[in-house]
Structures are given as C-alpha cells and as structure tokens.
Amino acid sequence: MEFLTFKLDGDEFAVDVLKTREIVDLRSVTKVPQSPDFMLGVINLRGSVVPVIDLRLKFGMEKVDAGQSTSIVVMDVLVGAEKVIVGAMVDSVEEVMELDESQIEPAPRIGTRLNTEFIKGMGKQDEQFLIILDIDRVFSTDELAMVQGAAEQPAVAE
Amino acid sequence: MTMDQYAETFREETLELLSELEVGLLELEQNPEDVDVIGRVFRALHTVKGSAGMIGFDEISQFTHEVETVFELVRSGGLPVTGELVNLTLAARDIIKEMLDKNLGGESVDPEIADQLVAALRGLVPTQDDFSANGVAEAEELITSESEEATYHIRFRPPANIFHRGIQPQGLLQELSRLGTCRVIAQTDSIPRLDELDAELCYLYWDIILTTEHDEDRIHDVFIFVEDDCELKILPINEDLLAQSGEGGRLGDILVQHGDLSRDDLERVLQAQNKPKLGEVLVQAGVVTGAQLDVALEVQAEVKRQKQKREAVEESSSIRVRSEKLDSLVDLIGELVTVQARLSQTSAGQDDPVLNEIAEEVERLTWEMRDHILNIRMLPIGTTFSSFQRLVRDLSQELGKEAVLVTAGAETELDKTVIDRLGDPLVHLIRNSIDHGLESPEVRHKAGKPEQGTIFLSATHSGANVILEVRDDGGGINLNAIRERAKSRGLLTSEMETSEAELINLIFSPGFSTVGEVSSVSGRGVGMDVVKQAIDSLRGSIAVTSVEGKGTTFTIKLPLTLAIIDGLLVQVAGEKFVLPLSAVEECIELSRQDVASANNRNLIKVRGEIVPYLRLRERFRLNGKPPEIEQVVIAEAMGQRVGFAVDHVIGEHQTVIKALGQMYRDIKGLSGATILGDGTVALILDLPPLVQEAEADERILTDSVH
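Keeping their order, the protein sequence lines are chains A and B.
For the first sequence, position 3 matches number 3 in our numbering, and the numbering has no gaps at all.
For the second sequence, position 330 matches number 488 in our numbering, and the numbering has no gaps at all.
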C-alpha cells in the first residue's frame, strides 16, 4: 500500500494515497461564520468551493502561523454516505512511501495524544513511526454535530 | 451501447410512455369517446410492448400485450371506455411500472395480481375467443397505415333538384365526417324570399373543412353519384397558409383563395380599415356574406390548429441528453463567468483599449451562453402536473370525497432541479387540500357548494420568479383550532395578541397538525414544516391565506434557476458577502448620529417608516470596529422589511452559486458560496434564517429581563 506522509507538530502522519487528490499551497481562505475553529473555511479550487480544516486544531495541537511549507492536502472523504472533497491544512508534506502489511501494526490505545478512533494503524520504517489516519473517521458525522452545536449558540449582541 | 445502456434508455422511454398513458387514461375518464386519446393510449401500450420485447423484458412485453389487446378492441369501436376499464388499465400501468423497477433491481411483482388483472380485463371483452392473436397483427397494420394528415376546404353546391333524385345531402355530409375531423358550415345566401321558395328545391350549399389522413380521391368517392351535376370544389389548404407567419394565415388571403373575394376588393376594404376586425368590415362593405366569412374563419382556426399540431410534433423531435451532462455544462459556464469577471476586472485596471474591447466581447458572449445553457435546463412544469391528476383521483376515492384537479400554466418553465425537488412538497399540499381542505360531499351539499370540490393548481411567471398556487374551495383553515392547538403545544400563550396572518402561519411550525385523528393520508407527523423546509431549500417562500368556508390558498414563490443569481456584494470587517438582489429594496447610510438618536436601538427610519435592522458584524461575530458611516441594505425577508448593516456596499455581482457542502450543512443563514473576480470566495446570505435567529435571540434577551 502507498501512503502520503505529512508532518504536524513534529509527528509524522500518513493517509492512503488513493484518498488524496492533490496538494496545493496555502491560499486565501474564507472563514464561514459560526463554525468551529478547526474548520478554517472554504477555498477556491479551480472554480470549486472546497472546505479546509486545520488538522493541528482538529487534533488539539497548538495553532501556529502558516509557514513556507504549510500546504493543503485535498482528499476524497466519505461523510455519511456522500463523497466530499475536503482540504486538510498540514505543516508540511513529506513523501509518498510504500508500506507492507507486515510494517503496519494496530493502533495503540494510549500514548498517541489522539482520539484512537482516528488511527488506522502505526507504520514502522527505519525505526521511525508513522500514524496512519482513518481520514473518513476524522471527518465523521460527530464533526457535523459540533458544527450544529456552534450554530445553535445564540449570538448575543456585545 | 452496452446492454445496460439500452436498458437505461428503455427505462427512461418507458417511464415517459407510462406517464403519457396515465394522462391519456385520465383524459378518457372525462371524455370516454375521444378517438384521439384512445389512439394515444393504444400507441403508448403498443410501444411499451414492442420495445420491451426487443430488449428481452418478456414479462413486461407479455403483460402489456394483454392490455393492448383490450385497447385494440376499444380503438376499433368494439368496446366502450368505462370507468372500470380505466381503473383496470391504470392498475395495469402500475404493474408495468413495478415490473420495470423489478427488472432494474426493484422488488418482484406478484404474478397472481398480474394474472387477476389480466383476467379482469379479459372479462370486459364481450366475446374474446382468441381474438388476442389476431388483434396484434391488425394493430400493427393500423399503425403502419397511418399517414400524414391534410386539411381540405370543400365547397359542395348540389343541384337545386337534388331531392328529386332521391339523394340526401345530409347522408353525404355524414359520410364525409367519418373520414376525419370535419366542420360543416351551411351557406344560406341563395335562399329566396319566402313567397318565392319552392320547398322541394335545395337552396343550401355547404362549406366543409375536413382534416383527414385520406387523400383527395377518397373525398371525391363520397360525391361519386352527384359529382357530375353539382358544383364541387376540393381545395387543399395549402402549405403557404401553414407556413405563413402570424396566426394561421390571414383572413383576407383565405377569402381570396376561395374566390369569395377579389384581391381588388380586399385592397379597397383594407385601406378603409382602421382598427376593427377585417372580417366585420368586409361584411359591412357587402363584399362577402356573413356565412362566407364564417367559412374563412373556420379555415383560419383549422390552419392554426394544424400549425400547433405541427409545432407539437417538432417539439417532440428533440434529443435526449442525460441531465448530468447538462449539470457539468452549468458548472463549466459558472467557471467561465468567474474567469470572465476576472478578465473584466483586470482589463478595467489597464489602459488598453484593445484589451478592454476583448473583455467586453467576452463578457457579452459569456452572458449569452449562460442564458442559453440555463434555458436548456428549463422544463415545462406540466410534466409534474399530470401525475397530480392521478393523485387527486386516487386520493379522493380513498377518502370518499369528490375532487377534481384543475391546472393552469402547465407550460411555465422552471429549472429541472427545481421541478424535481418540487414534486414532494406539491404532493403534500395537494394531499393536504383534499384531506383537510375539502369537506365531504354531504357537508358541501348543505353549504350550498357543488358536491365535487375543486383543487386549482397554477403556475405563472413573475419576473425572475415563478409563482405556484395550490387553491381549494373547501372549508378553509379553522383559526380557532389553530389557536387552541398552538396553545396546547406551547407555541402561543393565552395573553399573546396574534394577527390572523401570524396565526395562520403557525401551521408551518414543526409538529403542527390540527386534525384530531391521524388519517392514513396526511397528518402522519409529516407536516407543513417539511413543505416549508423543502421550499426554503429551493430559495423560495411559501405563504397561506384562507377564508373560512371559502377555501385555502397556498402560494409558493420560487426562483427560476438555482445556478446563477443576481447578487449585491457587500463587505463587513474585510469579509465579503453576497445578498440575493431579488430581495434587496434599497441601501441607506447609517451614521453614528443616527444610531445615537435611536437610543442605540437597531431601528432606522426609512422615509418615515421604522425598519429594524441587524448588524452582520454582530451576527457573525466578526472583529473590528464599524466605520463612521455604515450602510444598511433594506431587504424583504419573512414578509417584512429588514435592514442588514454592513461596512460597505460594493455593488452588483453576477453570482454563480456553489454549495457549501455536507461539512457546513447545519450552518444557518448561508445559502452557499461564490467565487469573486479576484479568485477569493464570498459567502451568500440566506436572509430568512438570519432574521429568524435574530428574532429568537431577542426573545431570549427580553425573557431574561423579565
């Protein structure tokens, strides 16, 4: 299996390369009001409006200013039964690598600082660990519930 | 093409034919003797059978064959159209539809039901010994023998002594009428004064306009025994008249062609003619008689009918295109509009006349193309009306009510997506009208109304909108029942003063239903709120008015298309938003002083009227301070005038609507996004939910004060 790897806060993550569409540079993002912070907003991807999430915030990491290597990985994600195109902002995109079944271990229950639901497994290569993400889960329906929760808070005039 | 594609094409065609069949059958129920309709029903059945057989759907083919056989008999006049026949055939149509679904992955049809239906259909046929086998061959022959229709003007002036020879002109005219559609006008201008009249002589002559598929020789055959000594003119109504522009050939030309009027006379009268109708003038001038004029008018009407028929044929000679292809075309034109906006913006910043000219040209072409492409997606709404006829028929039978559906404006065109998504809400409204609106026949009788209730369904264009109306002449909405219901549901407290309009609009609140018991038809928890949601999602609005005892009217206002709208681009805290221009009334400046003089209340005076406004900055919790002078966009939302305070109004913007998608589906107050000329994304505001939320928040605030 082939994986695309990228870095977030020093850790290396991987997603199935078949899930990815393209990698684009960070561009102007329009914030959608009343949505949670990790949902950065929408971008114009060759005429299509594509939502982008900040994976750092999504995974509870600290927000940092975008740098030279900050990129958006555009992926096909299943939300419910529908295929949606979504962008994920990451610190930097690393490489595409091949991993055998034997190089993938089940996700550990603790110690990853992440919701284990999001993790498909751990890849190991040259003594280095990769967190292989179940990207559909990351964008699962719970997230939409969070959006709704944000929308239901009354906006009280300040 | 692969087999699957054939099957898909077959399915699409058959669905179309089945709806045609349904329409035909319902028409037959009203006019059981309409030969045209019988022919149409028969042909639909025949085509379904044929193509099903070809593609190997034998079950459909065999079953349809049985139904067709019965209609073959009806067509040949051997069996009258009865209510039972229509019922059975409608049921058969449903079975064919089920079989079709099954073949393409649906549930299978109980063969027993199909057999029972076939048996019942056969039972209608008086002597049906094996006629089915012959029937098909005959039917095929009949179909192939159909040729083009032509229209003739026949003048038949029999010799005065025709009665002496024992010939009845009436018989000849009757024979003629059997050849096709026939209009006969008797000419009385040679009847003498009564004292000179010989009762044994024939003074009449006739003009006949005949539309037939037979040729001229066949017409001569009718007059074969009298032709030698009578005056017989058979004049094909020629292509020139059909081809002429305007409504069915000019009257003067027809009269001249008949020799009833000379060209000179025509010119003379035409010059004298001011505004009144030429026909009347000609009669007044004494150059033609009233009856001659009638003939010409008949010809004119017939030519018009022929022309319409021909246009109908031309319309159906269309290409079938998968709607996905059109969708991608709409997406592409959307992108083109965006790129064009960029080009215009860039060229405007450069002092280059050549570039400017090109940009303008591209703009013009883009707009034209946009209009054409959006137009391709427009379909007459009548395609959905026909299925409602069946709905009304079945529902009123089920509920023991008498109802008829009257439709108007079936030709009104709407975007295909809108039509597709409009089906369910309309079905719901019609169900509701029959179930809750119309009274039982006894009650109606007592109230002095006709026992049969009427549901009116109409569609009309109004600017960039289409207005749909579902109206019934039933009992109207019981306001007291609504008030009670609203109180029991906690939607209303007893002290609250409510206007009739406010009260009536409560039926759109979630979970609202005034009928005590739940019927099998409506009131199963799926209420008007679902209808309202569906209409809202189409960026439309729905309103209801009701007069107790007289009936209820639901009015739906819908945008013509969902793809591209005219928008007003505004800016708040550096972010750009688009308001739908159709809702915008005007823009007004708001200074700090204005705010202070209104005691910091969000109210603004617009030419003497006080209009509430909401600040987008606060609504969307955007940072930064508003400028000294803000702009308030006054718009219409939820039936009232509401202002939206923004930092700047940038201007009009052709807005290609892009969905925000699954990820943002629960965000209220936004209906989508659009891409601006500089490539950035702006959000499109959905005004009614914004106002609703603001109202809800205000309620929370005031409640916490108490």
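Think of the CB as a built atom: it goes at the ideal place given N, C-alpha and C, for glycine as much as any other residue.
Check for me: the beta strand (DSSP E) holding residue i runs from which residue to which?
i        : result
His311/B : Ala308 to Arg315
Thr205/B : That residue, Thr205/B, is in no beta strand (DSSP E); its alpha helix (DSSP H) goes Val193 to Ile213.
Pro608/B : Where Pro608/B is concerned, there is no enclosing beta strand (DSSP E), given that its DSSP letter is neither H nor E.
Ala88/A  : Glu82 to Val90
Lys124/A : Ile119 to Gln125
Check the Cβ-Cβ distances between residue i and every residue of chain B, and say whether any is below 8 Å.
i        : result
Ile183/A : This structure cannot settle anything about residue 183/A, because the visible part of chain A is limited to 1 through 158.
Ser102/A : no
Leu133/A : no
Thr30/A  : yes
Asp11/A  : no
Pro36/A  : no
Ser48/A  : yes
Val15/A  : no
Val138/A : no
Val90/A  : no
Val96/A  : no
Glu22/A  : no
Val86/A  : yes
Where do the N-terminal and C-terminal ends of the alpha helix (DSSP H) with residue i fall, by residue?
i        : result
Glu788/B : Glu788/B -> not in any alpha helix (DSSP H); beta strand (DSSP E) instead, spanning Ile787 to Ala795.
Thr542/B : Gly540 to Leu557
Asn623/B : Here Asn623/B belongs to no alpha helix (DSSP H); instead the beta strand (DSSP E) covers Asn623 to Asp630.
Phe886/B : Outside the modelled stretch of chain B, which goes from 159 to 864, sits residue 886/B, for which no answer is possible.
Asp485/B : Ser481 to Ala506
Arg21/A  : Per DSSP, Arg21/A belongs to no alpha helix (DSSP H); it is in the beta strand (DSSP E), Thr20 to Asp25.
Have a look at the options and flag the residue whose alpha-carbon is nearest the alpha-carbon of residue i.
i        : options                                   : result
Arg528/B : Val562/B, Gly634/B and Ile491/B           : Ile491/B
Thr612/B : Pro599/B, Val769/B and His619/B           : Pro599/B
Asp752/B : Ile833/B, Leu761/B and Cys745/B           : Leu761/B
Glu744/B : Glu794/B, Val849/B and Gly281/B           : Glu794/B
Lys483/B : Val520/B, Lys574/B, Glu456/B and Val461/B : Lys574/B
Asp489/B : Ala817/B, Leu848/B and Glu856/B           : Ala817/B
Gly87/A  : Leu26/A, Leu133/A, Glu101/A and Glu117/A  : Leu26/A
Arg823/B : Ser695/B, Arg759/B and Leu774/B           : Ser695/B
Gly123/A : Phe59/A, Phe139/A, Glu2/A and Gln103/A    : Gln103/A
Val702/B : Val384/B, Ala165/B, Ala659/B and Ile577/B : Ala659/B
Pro108/A : Met97/A, Glu98/A and Lys120/A             : Lys120/A
Pro36/A  : Ile858/B, Gln458/B and Arg779/B           : Arg779/B
Ile842/B : Leu18/A, Ser71/A and Lys31/A              : Lys31/A
Ser704/B : Asp630/B, Gly507/B and Gly410/B           : Asp630/B
From the DSSP secondary-structure annotation, give me the bridge partner or partners of residue i.
i        : result
Gln729/B : Lys734/B and His806/B
Met39/A  : Ile53/A
Leu841/B : Phe735/B and Ala831/B
Asn44/A  : Val49/A
Cys340/B : Leu368/B
Gln345/B : Tyr363/B
Cys745/B : Val791/B
Gly801/B : Tyr771/B and Ile792/B
Please decide whether residue i counts as near chain A, where near means a Cβ-Cβ distance under 8 Å.
i        : result
Phe778/B : yes
Val839/B : yes
Leu843/B : no
Met527/B : no
Ala831/B : yes
Gly732/B : no
Thr496/B : yes
Met796/B : no
Gly492/B : yes
Ile825/B : yes
Lys483/B : no
Ser686/B : Correcting the residue identity first, residue 686/B is Met in this sequence and not Ser. Output row for Met686/B: interface = no.
Gln812/B : no
- Query: Do three or more CB pairs link the stretch 212-219 of chain B to the stretch 236-245 of chain B at distances below 8 Å?
  - Reply: no
- Task: Decide yes or no for the touch test of the stretch 355-368 of chain B against the stretch 311-320 of chain B: beta carbon pairs closer than 8 Å, at least 3 of them.
- Result: yes
- Query: Looking at C-beta atoms only, is the number of pairs between the stretch 497-513 of chain B and the stretch 824-837 of chain B that lie closer than 8 Å three or more?
  - Reply: yes
- Inter-stretch contact at 8 Å, needing at least 3 Cβ pairs: the stretch 719-735 of chain B / the stretch 802-809 of chain B: yes
- Message: Taking 8 Å as the cut-off, does the stretch 528-546 of chain B touch the stretch 569-584 of chain B (at least 3 CB pairs, one atom from each stretch)?
- Response: yes
- Would you call the stretch 781-792 of chain B and the stretch 734-749 of chain B touching, i.e. three or more CB-CB distances under 8 Å? yes
- Message: If contact is defined by three or more beta carbon pairs under 8 Å, each pair taking one atom from either stretch, is the stretch 381-391 of chain B in contact with the stretch 320-333 of chain B?
- Response: yes
- Query: Is the stretch 7-25 of chain A touching the stretch 43-61 of chain A, taking contact as three or more C-beta pairs under 8 Å?
  - Reply: yes
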